[in-house]
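A short write-up of the structure that comes next.
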Amino acid sequence: MSLMMTMTMAVVVVDGRRRGDCSGTQTSRAGSGTSGAGAVTYAPGDVIDIYPQNHLEDTLAALKQLGLHPDDVVEIKLNPDAPGFLRKNAEPLLPPRLTVLELFRVYLDVFGTPGRYFFEVLSHFATDPMQKEKLKEFNSPEGQLELYRYATREKRTYIEVLADFRSAQLPLSHFISHVPRMQPRQFSIASSCLKYPNQAHICMAVVEYKTPFRREKRGICSSWLASLLADSGGHQVPVSFSKGSFRMPSSLSTPVLMVGPGTGIAPFMSMCQEREVLLTRLASKNGIESTKDYGGAYVFFGNRFRDKDYLYREEWKLLTDGRTENGTKLAAVTGFYCAFSRDQKEKVYVQHRLAEQKDIVWDVLGKRNGTFMLAGNSQKMPNDVRKQVQEIVRAIGKMSEREAKMFLLRMDAKRQYVQETWS
Numbered sequence: 024m025s026l027m028m029t030m031t032m033a034v035v036v037v038d039g040r041r042r043g044d045c046s047g048t049q050t051s052r053a054g055s056g057t058s059g060a061g062a063v064t065y066a067p068g069d070v071i072d073i074y075p076q077n078h079l080e081d082t083l084a085a086l087k088q089l090g091l092h093p094d095d096v097v098e099i100k101l102n103p104d105a106p107g108f109l110r111k112n113a114e115p116l117l118p119p120r121l122t123v124l125e126l127f128r129v130y131l132d133v134f135g136t137p138g139r140y141f142f143e144v145l146s147h148f149a150t151d152p153m154q155k156e157k158l159k160e161f162n163s164p165e166g167q168l169e170l171y172r173y174a175t176r177e178k179r180t181y182i183e184v185l186a187d188f189r190s191a192q193l194p195l196s197h198f199i200s201h202v203p204r205m206q207p208r209q210f211s212i213a214s215s216c217l218k219y220p221n222q223a224h225i226c227m228a229v230v231e232y233k234t235p236f237r238r239e240k241r242g243i244c245s246s247w248l249a250s251l252l253a254d255s256g257g258h259q260v261p262v263s264f265s266k267g268s269f270r271m272p273s274s275l276s277t278p279v280l281m282v283g284p285g286t287g288i289a290p291f292m293s294m295c296q297e298r299e300v301l302l303t304r305l306a307s308k309n310g311i312e313s314t315k316d317y318g319g320a321y322v323f324f325g326n327r328f329r330d331k332d333y334l335y336r337e338e339w340k341l342l343t344d345g346r347t348e349n350g351t352k353l354a355a356v357t358g359f360y361c362a363f364s365r366d367q368k369e370k371v372y373v374q375h376r377l378a379e380q381k382d383i384v385w386d387v388l389g390k391r392n393g394t395f396m397l398a399g400n401s402q403k404m405p406n407d408v409r410k411q412v413q414e415i416v417r418a419i420g421k422m423s424e425r426e427a428k429m430f431l432l433r434m435d436a437k438r439q440y441v442q443e444t445w446s
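Residue numbers for the sequence shown follow my numbering, so the first one is 24 and each next one is one higher.
Below, the structure written as structure tokens:
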């Protein structure tokens with residue numbers, strides 16, 4: 024599912040407005056929040072770090088399987104004689120006193136996939152000879168392919184492994200030492216704090232998939248956030264903010280090309296909202312004529328179906344339409360181009376729209392020394408887009424292939440060609 028929601032530091036999620044149905048197993052929603060920890064400040068291009076929790080029902084089922092009572096209290100005391108790597112793994116994010124439920128739901132990534140060393144640890148506790156032998160095999164050099172098939176490819180969790188090897192009764196202290204802490208998940212911020220004070224919006228795909236053996240899986244953070252939006256009550260969500268890869272040009276006269284398929288559109292919504300506010304302030308202060316030097320923002324968005332996957336449709340229309348005063352148009356988005364790959368027989372992607380707008384691409388990059396930004400999935404798309412941009416530079420700029428390649432490398436060095444991708 025694709026999900027759009029709003030949250031802030033120690034946020035209370037209070038709104039679950041739908042933004043329209045999305046194709047296949049996807050849906051699109053929005054939420055809003057209010058800060059419980061003072062003013063929230065960030066810049067366009069920054070990311071929000073969300074600290075998720077394991078689902079309550081999954082955690083309770085895991086504790087029942089392990090024979091642990093959720094209300095039992097655990098006191099965390101580091102053993103000074105333990106190996107350094109065990110002490111290091113136990114230290115972050117763990118309070119000195121907490122319940123078993125808090126430990127497993129908030130702090131331990133028990134629904135993550137264990138690595139090779141965990142199977143070695145389990146082998147020392149297994150009492151069944153066949154299970155002990157199998158665990159040792161997983162930890163051996165010869166057993167790595169079998170371990171990949173069993174654990175990595177199938178995304179088998181710590182809890183599932185312990186269910187398969189029930190004779191290995193792992194003490195609670197070893198859970199703390201050998202199961203990693205729950206890590207924050209990073210999302211590009213899809214809003215400007217100038218336009219939405221004390222809010223931070225995100226656009227997120229809810230991860231749901233099946234393994235090669237058809238076992239249903241879901242992303243811990245995305246599915247947890249989706250469950251909060253499904254609940255009408257308020258929820259506190261701990262977050263923090265980090266610097267992202269993108270930085271909006273300091274001058275409004277610098278033109279920008281933005282390419283964001285799917286949820287990759289998020290940081291560019293943030294930048295365009297910011298530019299909208301800055302342009303409006305400039306016009307209010309010095310008159311709309313003062314905005315004539317605006318370099319423009321050209322946005323390329325891609326997804327599967329126009330009717331079902333058009334993220335922020337209404338917002339993009341408002342940003343593109345802008346307003347006209349004394350014959351001068353004031354709009355943060357100069358051009359908005361969509362590629363919906365499944366709406367026709369021939370698949371159309373963002374690189375095809377770039378090719379269609381090759382004169383604009385060359386004008387921004389070759390003539391006006393503009394900036395190119397790309398966000399989205401890290402598979403084929405970034406290379407396909409770069410090849411297309413390089414071809415435009417080569418053809419219109421009348422360069423050799425080598426010269427066009429060097430042109431983009433110089434842009435890389437000056438951070439005028441920036442991409443932020445994820446798997």
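Beta carbons: idealized from backbone N, C-alpha and C, even for Gly.
Val260 versus Val63: straight-line alpha-carbon distance, rounded: Answer to the nearest angstrom: the Cα atoms are 14 Å apart.
- For Tyr372, which residues from the same chain have a beta carbon less than 8 Å from its beta carbon, with the 5 sequence-adjacent residues on both sides left out? Pro284, Gly325, Ala362, Ser364, Met404, Asp407, listed in sequence order.
| query | On the premise that Gly318 lies in contact with Thr277, defined as a C-beta separation below 8 Å, what is that separation, rounded to the nearest angstrom? | reply | About 5 Å; that satisfies the 8 Å criterion.
- Are the CB atoms of Gly389 and Gly420 nearer to each other than 8 Å? Closer than 8 Å, so yes.
What residue does the beta strand (DSSP E) around Met471 start on, and which one ends it?
No statement about residue 471 is possible, as the shown extent of the chain runs from 24 to 446 and does not include it.
TODO: Report buried or exposed for Trp445, applying the criterion of at least 16 other Cβ atoms within 10 angstroms of its Cβ.
DONE: Under this definition Trp445 is an exposed residue.
| Cβ-based burial, Lys331 [other Cβ within 10 Å; buried from 16] | Counting Cβ neighbours within 10 Å, Lys331 comes out buried, since at least 16 surround it.
Practice problem: Give the DSSP-derived three-state secondary structure of His375 in the structure shown. | Solution: Secondary structure at His375: helix, using DSSP grouped into helix, strand and coil.
Starting from Phe359, follow its DSSP beta bridges and name the residues at the other end. Val322.
**Report entry** N-terminal and C-terminal residue of the beta strand (DSSP E) that Arg208 is part of
**Finding:** Start and end: 208–211.
Notebook entry, point to check: Looking only at C-alpha atoms, which of Val129, Tyr65, Thr82 sits nearest to Glu183?
Noted result: Nearest option by C-alpha distance: Thr82.
Shortest alpha-carbon distance to Val322 belongs to which of Thr314, Asp316, Gly350, Gly287? Here the closest residue by C-alpha is Gly287.
**Message:** Using only the alpha-carbon positions, how far apart do Ile73 and Ala223 sit?
**Reply:** Each residue's Cα considered, the two are about 11 Å apart.
Taking the alpha-carbon of Glu177 as reference, which of Leu158, Pro203, Arg237 has the nearest alpha-carbon? Shortest Cα-Cα distance from Glu177 to any of Leu158, Pro203, Arg237 involves Arg237.
### Query
What is the C-beta distance between Ser190 and Ala149, in whole angstroms, given that I count them as a contact (C-beta under 8 Å)?
Rounded, the Cβ-Cβ distance is 5 Å, consistent with contact.
Could you compute how far the alpha carbon of Thr234 sits from the alpha carbon of Arg172?
Near 11 Å, if we compare the C-alpha coordinates of Arg172 and Thr234.
Check your understanding: Going by alpha carbons, who is nearest to Leu89 out of Gln413, Arg179, Val123, Tyr333?
Key -> Sorting Gln413, Arg179, Val123, Tyr333 by C-alpha distance to the C-alpha of Leu89 places Val123 at the top.
* Asked: Alpha carbon to alpha carbon, how far is Met153 from Leu170?
  -> Each residue's alpha carbon lies about 16 Å from the other.
| task | Have a look at Val416, Ala306, Leu334 and flag the residue whose alpha-carbon is nearest the alpha-carbon of Phe291. | result | Ranking Val416, Ala306, Leu334 by CA distance to the CA of Phe291 puts Leu334 first.
query: Can you list the alpha helix (DSSP H) stretches of 4 or more residues lying completely in the segment 326–354, in chain order?
result: Runs of the alpha helix (DSSP H) lying entirely within the segment 326–354, each at least 4 residues long, are 329–332, 336–344 in chain order.
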